[in-house]
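To start, the structure itself, in structure tokens.
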Amino acid sequence: MKLVIDESRCKGCNLCVLVCPYGIFQEGTELNSRGIVTPVLDRPERCTNCRLQALYGRMLCGVCHMICPDQAINWVEEKPFEPHKVEVEF
Numbered sequence: 001m002k003l004v005i006d007e008s009r010c011k012g013c014n015l016c017v018l019v020c021p022y023g024i025f026q027e028g029t030e031l032n033s034r035g036i037v038t039p040v041l042d043r044p045e046r047c048t049n050c051r052l053q054a055l056y057g058r059m060l061c062g063v064c065h066m067i068c069p070d071q072a073i074n075w076v077e078e079k080p081f082e083p084h085k086v087e088v089e090f
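Letter 77 of the sequence shown, counting from 1, is numbered 77 in UniProt numbering, and no numbers are missing.
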């Protein structure tokens, strides 16, 4: 699974930045095509839902997805054998 922000739906409220327990979202600095500053992903491999959802077969966190008023945050399936970074925190 991979976390994505749909910039066509995001209005830049930054609620995801405030609620993410892993600090994955950061306030953006550049305007998108609609003139809105949308959040950016900072090391999304720390997201437990991205890493472990397939293993456990259920949603593990998803606070960002639930809090987003525009439903702009989603998880998408990664392509087979798509390289991805894995980060382990102790």
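Positions of the beta carbon are idealized from the N, C-alpha and C atoms, including for glycine.
No experiment lies behind these values; they were computed from the predicted model shown.
(Q) Taking the beta carbon of PRO44 as the centre, do at least 16 other beta carbons fall within 10 Å, making it buried, or is it exposed? (A) Within the sequence shown, numbered from 1, the residue matching residue 44 stands at position 44. Buried: at least 16 other Cβ atoms inside 10 Å.
Q) Among residues of its own chain, excluding the 5 on either side of GLN53, which ones have a beta-carbon nearer than 8 Å to its beta-carbon? A) As a first step, residue 53 is located in the sequence shown; it is residue number 53 there, counting from the start. Short of 8 Å from the beta carbon of GLN53, and not among the five residues preceding or following it, lie these beta carbons of its own chain, in chain order: MET1, MET59, LEU60 and TRP75.
(Q) Between which residues of its own chain and ASN14 is the CB-CB distance below 7 Å, once the five residues before and five after are set aside? (A) As a working note, residue 14 is residue 14 in the sequence shown. So the qualifying residues of the chain are GLU27 and PRO39.
Q | VAL88 (DSSP reduced to helix, strand or coil) | A | Within the sequence shown, the letter at position 88 stands for residue 88. DSSP, read as helix, strand or coil, puts VAL88 in coil.
Q: Rounded to whole angstroms, what's the CA-CA distance from residue 94 to PHE81? Just pull it up for me.
A: Lying before the first or after the last residue shown, residue 94 is absent from the chain, which here runs from 1 to 90.
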